[in-house]
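Protein chains: 2
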Amino acid sequence: MAKQNTVFKDAFNRCLTLIAETEALPSELELGTLLGVSRTTVRAILARLKELEIIAWDKRTKAMLRAPQPADFFSAEETSSLAEIIERSFMRRILAGGAEPGMQINELELARDIGTGTTSVREFLIRFSRFGLIEKRPNSHWVLKGFTRDFALELTEIREMFELRSAAGFAALPGDHPAWRDLDDMEVLHRDMLANIDTRYRDFSELDERFHLLVHRSSSNRFIIDFYDIITIVFHYHYQWNKANDRERNARAVEEHLEYIAALKTRDPATVAHACRQHLRSARETLLQSIQQPDA
Amino acid sequence: MAKQNTVFKDAFNRCLTLIAETEALPSELELGTLLGVSRTTVRAILARLKELEIIAWDKRTKAMLRAPQPADFFSAEETSSLAEIIERSFMRRILAGGAEPGMQINELELARDIGTGTTSVREFLIRFSRFGLIEKRPNSHWVLKGFTRDFALELTEIREMFELRSAAGFAALPGDHPAWRDLDDMEVLHRDMLANIDTRYRDFSELDERFHLLVHRSSSNRFIIDFYDIITIVFHYHYQWNKANDRERNARAVEEHLEYIAALKTRDPATVAHACRQHLRSARETLLQSIQQPDA
DNA sequence: GTTTGTTATTTTATCTACAATAGACAGTTT
DNA sequence: AAACTGTCTATTGTAGATAAAATAACAAAC
Numbered sequence: 003m004a005k006q007n008t009v010f011k012d013a014f015n016r017c018l019t020l021i022a023e024t025e026a027l028p029s030e031l032e033l034g035t036l037l038g039v040s041r042t043t044v045r046a047i048l049a050r051l052k053e054l055e056i057i058a059w060d061k062r063t064k065a066m067l068r069a070p071q072p073a074d075f076f077s078a079e080e081t082s083s084l085a086e087i088i089e090r091s092f093m094r095r096i097l098a099g100g101a102e103p104g105m106q107i108n109e110l111e112l113a114r115d116i117g118t119g120t121t122s123v124r125e126f127l128i129r130f131s132r133f134g135l136i137e138k139r140p141n142s143h144w145v146l147k148g149f150t151r152d153f154a155l156e157l158t159e160i161r162e163m164f165e166l167r168s169a170a171g172f173a174a175l176p177g178d179h180p181a182w183r184d185l186d187d188m189e190v191l192h193r194d195m196l197a198n199i200d201t202r203y204r205d206f207s208e209l210d211e212r213f214h215l216l217v218h219r220s221s222s223n224r225f226i227i228d229f230y231d232i233i234t235i236v237f238h239y240h241y242q243w244n245k246a247n248d249r250e251r252n253a254r255a256v257e258e259h260l261e262y263i264a265a266l267k268t269r270d271p272a273t274v275a276h277a278c279r280q281h282l283r284s285a286r287e288t289l290l291q292s293i294q295q296p297d298a
Numbered sequence: 003m004a005k006q007n008t009v010f011k012d013a014f015n016r017c018l019t020l021i022a023e024t025e026a027l028p029s030e031l032e033l034g035t036l037l038g039v040s041r042t043t044v045r046a047i048l049a050r051l052k053e054l055e056i057i058a059w060d061k062r063t064k065a066m067l068r069a070p071q072p073a074d075f076f077s078a079e080e081t082s083s084l085a086e087i088i089e090r091s092f093m094r095r096i097l098a099g100g101a102e103p104g105m106q107i108n109e110l111e112l113a114r115d116i117g118t119g120t121t122s123v124r125e126f127l128i129r130f131s132r133f134g135l136i137e138k139r140p141n142s143h144w145v146l147k148g149f150t151r152d153f154a155l156e157l158t159e160i161r162e163m164f165e166l167r168s169a170a171g172f173a174a175l176p177g178d179h180p181a182w183r184d185l186d187d188m189e190v191l192h193r194d195m196l197a198n199i200d201t202r203y204r205d206f207s208e209l210d211e212r213f214h215l216l217v218h219r220s221s222s223n224r225f226i227i228d229f230y231d232i233i234t235i236v237f238h239y240h241y242q243w244n245k246a247n248d249r250e251r252n253a254r255a256v257e258e259h260l261e262y263i264a265a266l267k268t269r270d271p272a273t274v275a276h277a278c279r280q281h282l283r284s285a286r287e288t289l290l291q292s293i294q295q296p297d298a
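These protein sequences, in sequence, are chains D and G. Per my numbering, the very first residue in the first sequence carries number 3; after that it's consecutive. Per my numbering, the very first residue in the second sequence carries number 3; after that it's consecutive.
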């Protein structure tokens, strides 16, 4: 089946929500940049819109005929790219299923399980290996190193190093740097969440990611920013499977973020470092608590 | 042509040098662990040794008939794995050839150029992308970010952070830790090289890598150790194409290493940090000097 | 009890093929 | 002439096939 047309399907769905608002459709080129796809794909989308009689399309006249309906959309499973599917399957396997460190990972078996070719699985594993959770034995299998206490400690050690440096860098940014405005916006978002924490605490994961990324961006060091991908993926899946006390934990974390933001605004190195350390310490505790002790 | 049999060829060559020393050959299993290959490959090697009438092989009697000759070996090109070939080609292209930052990288073109399938090139690029020199545009080409001054600065920033931490960790190792013995050995190697620097300065690159890796190992943090791969590859190719004043540079670096080693042995944090900073500063200078200024 | 012969099976590394997608160029419309 | 569209080509993403290499099993030989 060569390539899946998930780019088309996903863009088609996004196009439906887009045109629900407006009357007339823009040019093919413009639509392309709007949706982030090439003209080829735009034309495929227009063709389908016409086929479903949502628009009338003749050359440059594209008139709305009717509003899009739920049935017009492609289902969510169809729009996720193969890489996303593989990542989810893999993470479920190694985190949820009793995956022991040292376990062998088999490309063929994984591929069969997920229902894809081996090529995609292989490429995923290569990409994923930079997270330090798996390791390749050439001409042989991959080895799962496991989400162990050691992993968490090594990860947080680097995180703390990087974030202290980034935070110091942030505080030293010139006053007219756009990051300060982003920080203000971030503060508002945090206050909003704190005011409605009972209903909104589940959204913290995403806010957390955005906040730390903002801090790291100021370092303008690609290695620091790239490393944050590892943090993101670990915490993302970690939040999904460890929900114990999450309301309290997240409320506390939002407060720490606000203290951290206030510290950044003082621009005083010692204050910043203190707030940063404080928050990272509790983040580490949370992570460690969720990991089963290997031999306790 | 599916898989190249480079594992066999390379192991065969190593086997030839191995048996040149000894009279009798060990068991198949033992030979396998010695060469780091499976019994299947060992038997293929033995079969070829017999065919060339280098040994007489009948069951468990494996007697040497004659010493291996240069003609018996596979040529060097034949034994390098596809990944190595691709890496070399690629580095030559992007470092030697006038590769501008922002240039597009084309999988198909690269593959045709090197004479391999696209899969291998693709996998190489994915693996290589973690070095921060290239970036993928999904469904489209790769972009060369280039070996620029910014890259070098970002790289060395992390390097200095990591190495200072590793060096401090090294100095704090217990006195009976095997790393101290390794450090003694390392010191001897450095003194040897310094004594014959005029003839040996070209070997510094390898010694440099081994020394810093020894220091980093003490961190026992996989992210620090992995990051050193980037340093290694950058400096490896950097040494290859920038030979200006290399004798003086390397002589100076060996001396700095010796000071660094002496500092580690004092186990005094301030002394260690000072020597470490000193050496890293001149390493950075060397690297920066070799990079063309973007607009000077 | 270790080593080998034998044989079979499994898995990886690599190539090739093809649909999806991107992108280029020339022709058309306003 | 600027913006848009029709058409075509080139490249990527993915599946599937195949040789090399690993792994396994077990009886026979030493």
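Virtual Cβ for every residue (Gly too), placed ideally from N, Cα, C.
For G:N223, the closest Cβ of chain D is nearer than 7 Å.
Residue state for G:V39 is assigned as coil, using DSSP reduced to three classes. The beta carbons of D:L266 and D:A173 sit closer together than 7 Å. Note on geometry: alpha-carbon atoms of G:E23 and G:R16 lie some 12 Å from one another. Along the length of the segment 224–257 of chain D, whole beta strand (DSSP E) runs at least 3 residues long do not occur.
The DSSP-derived three-state label of D:T121 is helix. Assigned with DSSP and collapsed to three states, D:M188 falls in helix. With a cutoff of 7 Å on beta-carbon distance, D:G148 and D:S221 are scored as not near each other. Per the DSSP secondary-structure output, D:V9 pairs with nothing in a beta bridge.
Contact check for G:E109 against G:R94 fails: the beta carbons are separated by 7 Å or more. Shown here for G:F75: same chain residues with a beta carbon closer than 7 Å to its own, the five before and five after excluded, namely N15 and L18 in chain order. For secondary structure counted as the beta strand (DSSP E) over 3 or more consecutive residues, the segment 119–182 of chain G holds these complete runs in sequence order: 136–138 and 144–146. Interface annotation, D:E165: not in contact with chain G, CB-CB separation never under 7 Å.
Closest option to D:L215, judged by alpha-carbon separation, among D:D60, D:R202, D:I235 and D:L67: D:I235. Three or more Cβ pairs closer than 8 Å define a contact, and the segment 156–164 of chain D meets that threshold against the segment 225–240 of chain G.
For D:M66, no alpha helix (DSSP H) run applies; the uninterrupted beta strand (DSSP E) run containing it begins and ends at T63 to M66, by DSSP.
Residues of chain D with a Cβ closer than 7 Å to the Cβ of G:G117 do not exist, since the nearest Cβ in that chain sits about 20 Å away. G:A58 is bridged by DSSP to G:A65.
Around D:G134, the same chain offers no residue with a beta carbon nearer than 6 Å, after the five sequence neighbours per side are excluded. At a beta-carbon threshold of 8 Å, the residues of chain D lying near G:G134 are R224, F225 and D228, ordered along the chain.
By the neighbour-count criterion, in which a residue is buried when 16 or more other Cβ atoms sit within 10 angstroms of its Cβ, G:R167 is buried.
Here the C-alpha atom of D:E55 lies approximately 46 Å from the C-alpha atom of G:R132. Beyond the five residues adjoining it in sequence on each side, G:H281 comes within less than 6 Å, by CB distance, of E258 and Y262 in the same chain, given in chain order.
Under the three-state reduction of DSSP output, D:I293 falls in the coil class, being neither helix nor strand. The beta carbon of G:I87 sits no closer than 7 Å to any beta carbon of chain D.
G:E125 has a beta carbon lying within less than 7 Å of a beta carbon in chain D.
Beta-carbon to beta-carbon, G:A169 and G:L175 are separated by about 11 Å, too far to satisfy the 8 Å threshold. Remark: fewer than three beta-carbon pairs, one from each stretch, lie closer than 8 Å, so the segment 57–70 of chain D and the segment 196–213 of chain D are not flagged as touching. As computed with DSSP, D:Q106 is found in a beta bridge with D:V145. D:A46 carries a helical assignment under DSSP once its states are collapsed to helix, strand and coil. DSSP places D:A265 within a helical segment (H, G or I) once states are collapsed to three.
D:A197 carries a helical assignment under DSSP once its states are collapsed to helix, strand and coil.
Residues of the segment 275–297 of chain G with a Cβ closer than 8 Å to any Cβ of chain D: none.
If you draw a straight line from the Cα of D:D60 to the Cα of D:R41, it is about 16 Å long. Taking C-beta separations shorter than 7 Å and ignoring five residues to either side along the sequence, the partners of D:R139 in its chain run V145, following chain order. Any Cβ of chain D closer than 7 Å to the Cβ of G:R41 would place that residue at the interface, and such an atom is absent.
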